[in-house]
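Each remark here refers to the structure printed beneath this line.
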Amino acid sequence: MAVPKQRHTKSRRNKRRMHIFIEPPTLTTCPRCGKFVLPHTICWNCGYYKGREVVNILEKLEKKERKKREKEIKETEQKKRKEKSLTLEELSKK
-8 MAVPKQRHTK SRRNKRRMHI FIEPPTLTTC PRCGKFVLPH TICWNCGYYK GREVVNILEK
52 LEKKERKKRE KEIKETEQKK RKEKSLTLEE LSKK
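Residue numbers for the sequence shown follow this note's numbering, so the first one is -8 and each next one is one higher.
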């Protein structure tokens, strides 16, 4: 049976383990609501995937939560519209 002749130091052990670590997940932004989402998955906030609704999120919520979520979605859509509809003068100011 193989037995090491000498003890390996902590630095030598740690050099070997240098590449063993947990990588942070790669996140993308949802094109509809702007929240961070894992790639190739349904958005947990709005229920859309690739531009179409897959899960109706608002259906499962209570009345109070539903109104709050609808308000958030409308605000994000309005922000996107404002950003897209800039005139030449507004663009030159930026």
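Note that CB positions come from ideal geometry on N, CA and C, so glycine has one too.
- In this structure, the alpha-carbon of T32 lies about 7 Å from that of Y40.
- Contact between P30 and T20 fails: their C-beta atoms lie close to 11 Å from each other, not under 8 Å.
- Under the criterion of beta carbons closer than 8 Å, C34 and I64 do not qualify as touching, at roughly 11 Å.
- In the structure shown, the three-state DSSP call for E56 is helix.
- Residue environment: I48 is assigned as buried (16 or more neighbouring CB atoms within 10 Å of its CB, all protein chains considered).
- Collapsing the DSSP output to three states places E14 in coil.
- At the C-beta level, L52 and R60 come within 9 Å of one another.
- For R43, the three-state secondary structure derived from DSSP is strand.
- Sixteen is the threshold: when 16 or more other Cβ atoms of the shown chains lie within 10 Å of the Cβ of V28, as they do, the residue is buried.
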